[in-house]
Ligand SMILES: Nc1ncnc2c1ncn2[C@@H]1O[C@H](COP(=O)(O)OP(=O)(O)OP(=O)(O)O)[C@@H](O)[C@H]1O
Ligand SMILES: [Mg+2]
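Chains as they are written, first to last, in our numbering: chain A, 115 to 721; chain B, 27 to 287; chain C, -8 to 348.
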């Protein structure tokens, strides 16, 4: 490394030569415009626009299909109009027409590509290959106006592109409030089921017709109200959160405790009345979200804490479900002890732990990424065996096992989805408690150490195989809780419920939610399991979205949306190390320079 | 009986003989320096003793147990701990956690104890914490206090080396293997660490083997010096004897001549 | 003298090794017992075994071609390219549309050789394009990340491609048109073999030969090997790393595309999920042969194909398990697990850049 001469005390300060940071690049805007065009064509050609067009967000004005289509140029334009990060010592360029121009370029290109797509598609019949490029789609894209409708299509793209660019001009607080309001309006528009039910549950049923048109989607009035409310929320409440947190941190311990207590009580009350208010249909979805959340918490221990990529997690879910089914159902084909759920639970735990050992032992000494594919193999083996004629006398083959009794504690029977919500939340809490407890323990530290440097962990006395096996077993047991709950909730088990897609879904949940981070997993599960369950149209494209999410998360935010500090650090380790190194170098240089001057004492050791 | 006794140890890396029929012993309470030119096989010797590599031949007897064939964690539990030439901390864990990991092999609580939060487990956690802080306190105020909960990557180079030693101490080992503990330190830090190594033995009762290139350190602390070259022991004795040994000078100078050519 | 290990250490000593040994013994016993009882039952004739074997050879050849992509990428970048199964599927799917069109135009049966060549080229180009695109978009930016990151990306890419194809081309199963010239069997050296199988086996060997020549003899092939050995040194010697990596993906894609057409000729059908199972099996084949080892992947594929074809009947039916063909995929996965237990470095050994402390 070249020695840099120490900066003289009175370096001449050259003013007015502050370098300007680069402006928004129009070339990049053109590139992003091209990408936006391709994405827009893709979502049209794969049927999403048409499928989503069935549902209105603003009744009679805006369908979900158009929303999807125009969100593409909007978001891309917003990104294209954003200035590159300003390095220290550079002068940030002024915002101005150039930002809007970048947005317009994106909009124009998107419109152009879409127009070409529509023209080509109406000239050549491609339906034999691209089954979703139908006349209906073309009609939709031309707003039912024939080729003249292309003006609307291109105009819409230009408009949204310009809006995206304009958004960059808005000052930070405005920008956040606008995006927030937009997102909530879309969400409330989509979630009529929940919101209407919520009004009814709260005895405010008369509000529903004001907000929703009844034929799907918000009324114009509803749209305005939601938009304004959400805007105000982001405008005035969100900026205060920071302040509140600071104030909380400065409170005396006594007050902190009472604040915490009241928050906990509020949360408990909320959870307690939630399913009652939301009714059976939404509760059904919530139950499923809860079961996935439970599995997410379990897999998080395996992947997030211990760094073992397990793609066969569904196998443990299946072990839990089938063990429960066999032990509790009178219809179990081989033998039916007809135990109660709670009597069976210890055996479920035992079976899951055993399964964890069987899967874990042979593979744990191997290279890390082999684990992914071997566990995947085990997951498929489990499903194929459950399905096979060979083991039909035990597991019932494709017919599965029926008549699993409902869950009960003493006289309380959890018959409806609303009832089931409580035990599921209970198990989730148990799992969260286990995660938290283990994380800050001898075992948890060994997991983290192993994830960082397996060899060194071993040299410090950590038995790698033992500790990996433990992660596997805890993960397996938590998944088996999920399986057991699933079995009693549905009342039957079939092999097809235990496909690879379950494993992948759980993996996506924890990655999108932020590895190692519990609130993140909750948000991830609500969005990625809850939404598709509520909206059939999403169901169809759910795995496509999961795939895209996994890629985007790894490319842009490998640490997850709400990351735990641990992962952020790990993935940005190099940058941080560099920072630390530079600081060290600088300190040393300064110390040397001082020592060289002789009269000054060498810089004292850092405290 | 010697605390550590290495007999006829050999290790090949495809063709290249990194350790060649090495005999070598360390008495309880001794400080032994291993020196030799770059690539002489010093680090490989440590890797063999700690079980990171399996030897091709020979045996390693520590405290009456043959270490050959044992896993690294078993060897550590028997009482051999080490530091690494290229500092290898758990950089994303806090300083305290780094040392607490060192206590893993000395403690027992399992998953159930932890989940149920049994009194035994809580006591053990407290014990781990105390021991870790004690090990860190050995280096004065540098690594304790507000530093405890900072991630290890914020530390300066010298402190990273100190933290590695603390982590090794926490394993409860009898024998510490220190691989170039003063590399990258400035003269003052080096001097201080030399002193500390002496205190490690005198106050804490560790037996120490260290690899060192800095001859002042070697001179300052070693009871005995072992010189390796091409995986063989070419000299052994106290510092003065070794420093004037013909073969040693040749090994160092010869290499240098070759390198500068 | 030598002391016994303290209790707590000797207790755990080799618990895992014990389990693995037990597994080995159990597996060996099951295999031997099953095979012996099937063979002694005399239920299957020699010609049936031969047919199974040849079918296995053809199927295994296809696995081998796919496995090359896994093994080369693993050798050079050190992660499992999960999306490779989809690279294979994409060639097969687009190939179908071309074949369908040619069939309509009367060329499929009118000039089968040319038709097959056209579909082969299209299939190879498609797979190559998909493979290179995935590398460019999803893997290149992540080259310096911890290994789990590109692994997760590749899982994402795999699902994205599957469901993008499903959205664009529909969820239905598509059947390749029937090619009259490939129906029936011929007799080679006194053995009756289906014509399709002959074609597949010959094509596989030609492709493998070409690949071997390319990797061993051409400049680009040598560059790829140099990068797989040590990226930094290769860069110092003037090898363009990016180009070598793109070429690796491209070649893997070409092989997968060819495999796509051959697979379609044997099994006829294709849908968006068709890449999943062959993909995993090909990965198994790559591990079986020794990951990073090109010849190993070829051998591994063929061995796996044969085991999968012969194994269920040979072993499972002897154990009195009903409907052994249902468990065909279980056998393949079990082979994967067993390879990793018995011979984690594969039949021919791994070829990876050496990891140093
Ligand atoms: N994992 C390995 N694989 C192959 N060769 C190795 C490996 N580790 C060390 N070597 C080789 O063994 C020889 C001895 O290496 P070693 O690291 O023990 O030297 P050293 O005495 O510690 O040198 P230094 O003073 O530079 O640390 C060197 O030639 C080295 O290249
Ligand atoms: Mg060394």
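Beta carbons are placed, not taken as given, at the ideal position from N, Cα and C, and that holds for glycine. A quick note: this is a predicted structure, and the numbers were derived from the prediction, not measured.
| query | result |
| --- | --- |
| C-beta neighbour in chain C for residue 456 of chain A, strict 8 Å | no |
| Chain C contact for residue 161 of chain A (CB, 8 Å cutoff) | yes |
| Straight-line Cα distance separating residue 627 of chain A from residue 148 of chain C | 19 Å |
| Residue 50 of chain B beta carbon near ligand 1 (any heavy atom closer than 7 Å) | no |
| Residue 111 of chain B Cβ short of 7 Å to ligand 2 heavy atom set | yes |
| Chain-ordered neighbours of residue 26 of chain C on chain A, where CB pairs are closer than 9 Å | Those do not exist, as residue 26 of chain C stays about 18 Å from chain A at its closest Cβ, beyond 9 Å. |
| Contact with chain A by residue 62 of chain C, beta-carbon distance below 8 Å | no |
| Start and end residues, alpha helix (DSSP H) containing residue 320 of chain C | 319 to 333 |
| Within chain A, the residues that residue 320 of chain C reaches when beta carbons sit closer than 7 Å | 494, 498 |
| Contacts that residue 154 of chain C makes with chain A (C-beta to C-beta distance below 8 Å) | 655, 657, 658, 661 |
| Cut-off 8 Å between Cβ atoms - residues of its own chain near residue 140 of chain C, not counting five sequence neighbours on either side | 133 |
| Cα-Cα separation, residue 625 of chain A to residue 664 of chain A | 7 Å |
| CA-to-CA distance, residue 130 of chain B to residue 677 of chain A, given in whole angstroms | For residue 677 of chain A, the pLDDT reaches just 47, beneath the cut-off of 50, and the residue's location in the model is therefore unreliable, although a value from the coordinates is still provided. Near 27 Å, if we compare the C-alpha coordinates of residue 130 of chain B and residue 677 of chain A. |
| Reduced DSSP category for residue 11 of chain B - H, G, I as helix; E, B as strand; rest coil | Since the first residue of chain B shown is 27 and the last is 287, residue 11 of chain B is not available in this structure. |
| Span separating the alpha-carbon of residue 171 of chain A from that of residue 331 of chain A | 4 Å |
| 8 Å CB neighbourhood of residue 310 of chain C in its chain, flanking five on each side removed | 21, 24, 25, 28 |
| For residue 603 of chain A: DSSP bridge partner residues | According to DSSP, residue 603 of chain A bridges with nothing at all. |
| Any non-hydrogen atom of ligand 2 within 7 Å of residue 365 of chain B CB | An answer regarding residue 365 of chain B cannot be provided, because it is not within the stretch 27 to 287 covered by chain B. |
| Cβ-Cβ separation, residue 324 of chain A to residue 415 of chain A (assumed contact under 8 Å), whole Å | With 8 Å as the limit, residue 415 of chain A and residue 324 of chain A do not qualify as a contact, their Cβ atoms being about 47 Å apart. |
| Proximity test, residue 69 of chain B beta-carbon vs ligand 3 heavy atom, cut-off 7 Å | With respect to ligand 3, the structure offers nothing, as its ligand set consists of ligand 1 and ligand 2. |
| Simplified DSSP state of residue 330 of chain A, which is helix, strand or coil | coil |
| Of the residues C:315, C:33, C:293, the one placed nearest residue 303 of chain C, counting alpha carbons only | C:315 |
| Alpha helix (DSSP H) segment containing residue 442 of chain A, residue limits | 428 to 442 |
| Bridge partner(s) assigned by DSSP for residue 177 of chain B | B:120 |
| Pairwise C-alpha distance: residue 251 of chain C and residue 175 of chain C | 22 Å |
| Residue-level contact to chain B via CB, residue 575 of chain A, 8 Å cutoff | yes |
| Chain A residues whose Cβ lies nearer than 7 Å to that of residue 332 of chain C | 476 |
| Residue 42 of chain B CB to nearest heavy atom of ligand 1 below 7 Å | yes |
| Of the residues A:506, A:217, A:364, the one placed nearest residue 197 of chain A, counting alpha carbons only | A:217 |
| Within-8 Å CB hit, residue 69 of chain B to chain A | no |
| Cβ-based burial, residue 228 of chain C [other Cβ within 10 Å; buried from 16] | exposed |
| Euclidean distance between Cα positions of residue 90 of chain B and residue 73 of chain B | 19 Å |
| Contact check, residue 58 of chain B vs residue 201 of chain B, beta carbons under 8 Å | no |
| Under 8 Å (Cβ pairs) to chain A, residues found in the segment 137 to 148 of chain C | 137, 138, 139, 140, 141, 142, 143, 144, 146, 147, 148 |
| Closer than 7 Å: residue 205 of chain B CB and nearest ligand 2 heavy atom | yes |
| Ligand 2 heavy atom lying under 7 Å from the CB of residue 159 of chain B | no |
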